[in-house]
Structures are given as structure tokens and as C-alpha cells.
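Residue numbers (our numbering), protein chains in the order written: chain A, 1 to 112; chain B, 113 to 228.
In this text, a Cβ means the ideal position worked out from N, Cα and C, and glycines have one as well.
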């Protein structure tokens, strides 16, 4: 069966450290993968997109990797801040018609 | 900035009522989507539309219908609300149907629907 898995347990880290979140998928062949941030009671907000032919993508303190052999994407936040505390969702395309399938998200808590 | 608005933030309805959830986007986006989000299940696609009057079923369309009479507006209809439809409902839009563009989706703030 098709699955997208993100660690359901919250990730607790100290301010200034690098947070690394994992997204694994099974039985999909996505052409691209996206990461979103969601704050409590709000809709997700797009952060980064990475294509299948890209190994790594960066935006300010954010970095995403995409390994189609391992069927895994890693999302890194360097020099993390308490304001980075949120739930982070990965999503991959299904069928290629702008239809995304979302993981359940990982909650990140950055303590001062 | 793209803005996606939803008609209500909170809604309480009774079992059997017909419920309308409205979504409007102001950026001339082609695609619009309705999701529901439940703890432990994540975001699940109910219906999407890639053009006016066009609709496609998502992963969980049962018990729902949609309407897209104008490009900017996408409505989700619960014909006869049931308690298992209590959830957070999120509307989203994206720019183009062209698969090569790989557009991100812009989400509204969500409507928390409770069916009693």
C-alpha cells in the first residue's frame, strides 16, 4: 500500500541547534516533494519544493534533501528559534496533476 | 499576496443538516482543493477542481459534493451532515494545471466544523 510517514512524536530541541525532520514514502514515484509549516488552528503554509532530479534545496535557514533511492526527504532548520515551533508537513505529488498527498506531520518544539 | 478565505472559522451544525462551506481565492488560480484534517490522519483530499464547473473526486469524497460556478469560488457541500464529518476543513488553491510547473498550494485558515 502507499504510505507517507513522518515521525508522529514531537521533536524537542534547544534554540540554536539544527532540527532534522524525516519524511519517508512507500509505493510512490513522486516527481517532486513539498514541505509546509502549520501553526495551531491555521492552514499550512508552503516552505520549499524539491524536484526528483534535485538532491538539495536551500532557503535561508531551511534545507531540504530528496533521495529517490532511499525514498526519503530530510528537512533541516539550522540555528533554530522558538518561533520555528510548529508542525511540519511533507507532501508529494500523486498522478502529476497538482494533486498532493500529505504526511501527518511532525511537531517541532524549540525551547529557549 | 495570495489570499484564500473561508466563510467561517467555526461552525456547529446538527446531524442531518445541509452544510455549505465556501472558499474564495483572489489570485486567479486555476486549481482549488478541499481537504479535511483529523488528528493522526493528516490532510485528506475530498474533492478538487481544475477549472470552472469541473470537479474531480479525491480520496474521501463520500458524503460530500462540490460546486465551482466561478473561478474564484469553490464550495463544499455536506448534503446531510453526520457526526463523523466533524473535522477541520481546509480549502487550498494553486496556479496551474501544467504538471511541469509544480505549483505550491495556498491554504485558507480552515473551518472547524462540529456536527452534533
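Report buried or exposed for residue i, applying the criterion of at least 16 other Cβ atoms within 10 angstroms of its Cβ.
| i | result |
| --- | --- |
| residue 82 of chain A | exposed |
| residue 3 of chain A | exposed |
| residue 105 of chain A | buried |
| residue 10 of chain A | exposed |
| residue 206 of chain B | buried |
| residue 138 of chain B | exposed |
| residue 150 of chain B | exposed |
| residue 102 of chain A | buried |
| residue 126 of chain B | exposed |
| residue 153 of chain B | exposed |
| residue 44 of chain A | buried |
| residue 56 of chain A | exposed |
| residue 162 of chain B | buried |
| residue 51 of chain A | exposed |
| residue 146 of chain A | The structure shown has nothing for residue 146 of chain A, since chain A only spans 1 to 112. |
| residue 73 of chain A | buried |
| residue 86 of chain A | buried |
| residue 148 of chain B | buried |
| residue 66 of chain A | buried |
| residue 79 of chain A | exposed |
Mind checking if residue i is an interface residue toward chain A, Cβ cutoff 8 Å exclusive?
| i | result |
| --- | --- |
| residue 184 of chain B | no |
| residue 134 of chain B | no |
| residue 217 of chain B | yes |
| residue 128 of chain B | no |
Verify the CB distance criterion: does residue i have a CB-CB separation below 8 Å to chain B?
| i | result |
| --- | --- |
| residue 75 of chain A | no |
| residue 40 of chain A | no |
| residue 105 of chain A | yes |
| residue 59 of chain A | no |
| residue 2 of chain A | no |
| residue 99 of chain A | yes |
| residue 34 of chain A | yes |
Show which residues of chain E have a CB atom less than 7 Å away from the CB atom of residue i.
| i | result |
| --- | --- |
| residue 102 of chain A | No chain E is part of this structure, whose protein chains are labelled A and B. |
Assuming residue i contacts residue j under a Cβ cut-off of 8 Å, what Cβ separation, rounded to an integer in Å, is found between them?
| i | j | result |
| --- | --- | --- |
| residue 19 of chain A | residue 89 of chain A | Contact doesn't hold; Cβ gap of about 15 Å is too wide. |
| residue 199 of chain B | residue 157 of chain B | Contact flag wrong, Cβ pair sits at about 13 Å. |
| residue 166 of chain B | residue 203 of chain B | Actually they are not in contact, since the Cβ atoms of residue 166 of chain B and residue 203 of chain B sit about 16 Å apart, beyond 8 Å. |
> the segment 146–174 of chain B: which residues have C-beta closer than 9 Å to a C-beta of chain A, in chain order?
Replying inline: Look at the segment 146–174 of chain B: the residues with a C-beta under 9 Å from a C-beta of chain A are 147, 149, 151, 152, 153, 154, 155, 156, 157, 160, 162, 168, 170, 171.
> Going along the chain, which unbroken runs of the alpha helix (DSSP H) with 4 or more residues stay wholly within the segment 23–53 of chain A?
Replying inline: Segments of the alpha helix (DSSP H) lying fully in the segment 23–53 of chain A: there are none.
>> For the segment 43–56 of chain A, list every residue whose C-beta sits within 8 Å of some C-beta in chain B, in sequence order.
In response: For the segment 43–56 of chain A, which is checked against every Cβ of chain B, the residues closer than 8 Å are 43, 44, 45, 46, 49, 51.
> Which ranges does the beta strand (DSSP E) cover as unbroken runs of at least 3 residues, wholly within the segment 149–226 of chain B, from first to last along the chain?
Replying inline: The beta strand (DSSP E) runs lying completely inside the segment 149–226 of chain B and spanning 3 residues or more are 154–161, 176–182, 185–190, 199–206, given in chain order.
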